[in-house]
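Chains as they are written, first to last, in the UniProt record's numbering: chain V, 1 to 125; chain U, 1 to 408. Below is one structure, written out as structure tokens, with a few remarks after it.
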């Protein structure tokens, strides 16, 4: 039911972990629904220098989290904000239809992390 | 080659070789329609009736009380719908439980939209229905009680004989879905005091697509769903699934011959599995009743992680299991059974069911115990749930603060 790419990202997820001194942290989902994604970013000169994730959820939730970190690492914040959940799913060669709505939240978590970074920066300024 | 371990016998079982052999004869040479008068028909008829005798003997019934169906779901639908509509002049109230299989629960709920009133009884933390709750729910309009014999998700065995006695005293018809219990623990229609009882072929090393409904002689029931020919003495229209029926008969016979021995063997494997999983891995809880459970059934919730990702990881190591997590059910909700037991949503998402069978060995258990801890460790390392503080500090109930459904 899952593509090879999904299984690859599920078995060997990229960028798992936390960034203790992250510049921005974003979390979406809740444990009641069965999916939580938390993304940490480190930003330098408007570029996502480092990114890590932690995810509670099914195979699709883990694979999309892993994929989104791979897609945006080294990208500018503007480019990262353009990445959609749909693009993440496409990059994984698609997801089963029932997974599209519940477990495909990784881009939302990324955007939340970027928003967090931007609002912190605003406060500092 | 990947080692393959099948721990999903409550989903389905491999067909016993002797069952396959018997069935093949009725797929090849003895292809007749049991309704036909000629030689070919007679041969098939004889075999169908022999199978009916075997199934009847297995549950202590009279062969005339057995109706073959396409499986457990059809038998449940037919039993409940038939009793409801045949007894509509006597009342309109149906009692069932929150942990029934969907074949029962959704049939009862559908009747709830057709002028019947429905009581769905709660269960305790083990998934057990209480006889007192059944008694309290009965009204003078109650026409049917339907409670499963053993639960498919958590293995809990219900007090069916007691509920049956109560139903009989109050003159209410009583149906039980015995799909999971039949072949694993004794199922006798007189001892259980049931009027209708559902069984299925593919859970007992028989084929898929065949089941049976026991209907006690004299029960106010008639076929209300299926219209057609006069097969099964007007109780189930449609040409008999002869190979399936023969297969179910043979499977029932074999199950009865080996039940005691097999139950003892599987109980030993199950108890070791439960003991070592809960010893070796932290934050695991057994779901279902610790002792009043099916001999082959072990089910757990692993906290902080989700069921489907465990199933995928196990499958990559060759182990087949199942889960009540939302991701495996195709809906957003985790298992209705686990939620009804008061297990919080986020814990219910981490459920795993391991159901053993006759071909499983101690080595299979060893292999699982070798593989599972590192799967849990890997997924927990990835989990953002606060395992240090949020959960670990509150041993009493891990979920109460995050879930409104927690009733523990």
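Backbone N, C-alpha and C define an ideal beta-carbon position, used for all residues, glycine too.
Extent of the continuous alpha helix (DSSP H) to which residue i belongs
i             : result
residue 40/V  : That residue, residue 40/V, is in no alpha helix (DSSP H); its beta strand (DSSP E) goes 35-44.
residue 336/U : 336-340
residue 376/U : 362-382
residue 73/U  : 72-86
residue 105/U : 102-112
C-beta contact flag for residue i and residue j at 8 Å
i             : j             : result
residue 252/U : residue 8/U   : no
residue 117/U : residue 104/U : no
residue 270/U : residue 298/U : yes
residue 114/V : residue 91/V  : no
residue 224/U : residue 82/U  : yes
residue 237/U : residue 227/U : yes
residue 15/U  : residue 207/U : yes
residue 246/U : residue 22/U  : yes
residue 308/U : residue 322/U : no
residue 188/U : residue 60/U  : yes
residue 41/V  : residue 23/V  : yes
residue 143/U : residue 90/U  : yes
residue 300/U : residue 352/U : yes
residue 180/U : residue 341/U : no
Run of the beta strand (DSSP E) containing residue i, from where it starts to where it stops
i             : result
residue 52/V  : 47-56
residue 115/V : Counting along the chain, residue 115/V falls outside any beta strand (DSSP E), though it belongs to the alpha helix (DSSP H) covering 106-124.
residue 27/V  : 24-30
residue 354/U : 351-355
residue 8/V   : From DSSP, residue 8/V is part of no beta strand (DSSP E) but of the alpha helix (DSSP H) over 4-11.
residue 214/U : 211-215
residue 309/U : Run containing residue 309/U: none in the beta strand (DSSP E); it sits in the alpha helix (DSSP H), 307-316.
Residue i versus the options, residue with shortest Cα-Cα distance
i             : options                      : result
residue 51/U  : 240/U, 323/U and 355/U       : 240/U
residue 117/V : 34/V, 51/V and 29/V          : 51/V
residue 288/U : 280/U, 274/U and 115/U       : 274/U
residue 34/V  : 99/V, 107/V and 13/V         : 99/V
residue 348/U : 154/U, 43/U, 161/U and 168/U : 154/U
residue 17/U  : 313/U, 218/U and 204/U       : 204/U
residue 386/U : 56/V, 123/V, 109/V and 108/V : 56/V
residue 357/U : 12/U, 3/U and 2/U            : 12/U
residue 370/U : 381/U, 76/U, 276/U and 209/U : 276/U
Nearest-angstrom Cα separation, counted from residue j out to residue i
i             : j             : result
residue 103/V : residue 64/V  : 8 Å
residue 384/U : residue 26/V  : 11 Å
residue 310/U : residue 285/U : 15 Å
residue 69/V  : residue 317/U : 27 Å
residue 391/U : residue 31/V  : The predicted model places residue 391/U with a pLDDT of 44, which falls under 50 and marks its position as unreliable; any figure quoted below should be read in that light. Between residue 391/U and residue 31/V, the C-alpha separation is close to 12 Å.
residue 4/V   : residue 113/U : 44 Å
residue 375/U : residue 282/U : 13 Å
residue 30/U  : residue 71/U  : 23 Å
residue 123/U : residue 338/U : 10 Å
residue 262/U : residue 184/U : 8 Å
residue 106/U : residue 98/U  : 11 Å
residue 345/U : residue 127/U : 16 Å
residue 87/U  : residue 230/U : 22 Å
residue 235/U : residue 215/U : 10 Å
residue 3/U   : residue 200/U : 29 Å
residue 82/V  : residue 72/V  : 10 Å
residue 73/U  : residue 6/U   : 24 Å
Beta-ladder partner(s) of residue i, from DSSP
i             : result
residue 150/U : 157/U
residue 302/U : 284/U
residue 93/U  : 117/U and 142/U
residue 14/V  : Answer is none; residue 14/V lacks a bridge partner.
residue 174/U : 145/U
Closer than 7 Å: residue i CB and nearest the ligand MN heavy atom
i            : result
residue 99/V : Annotation note on the ligand MN: not contained in the displayed structure, which lists no ligands.
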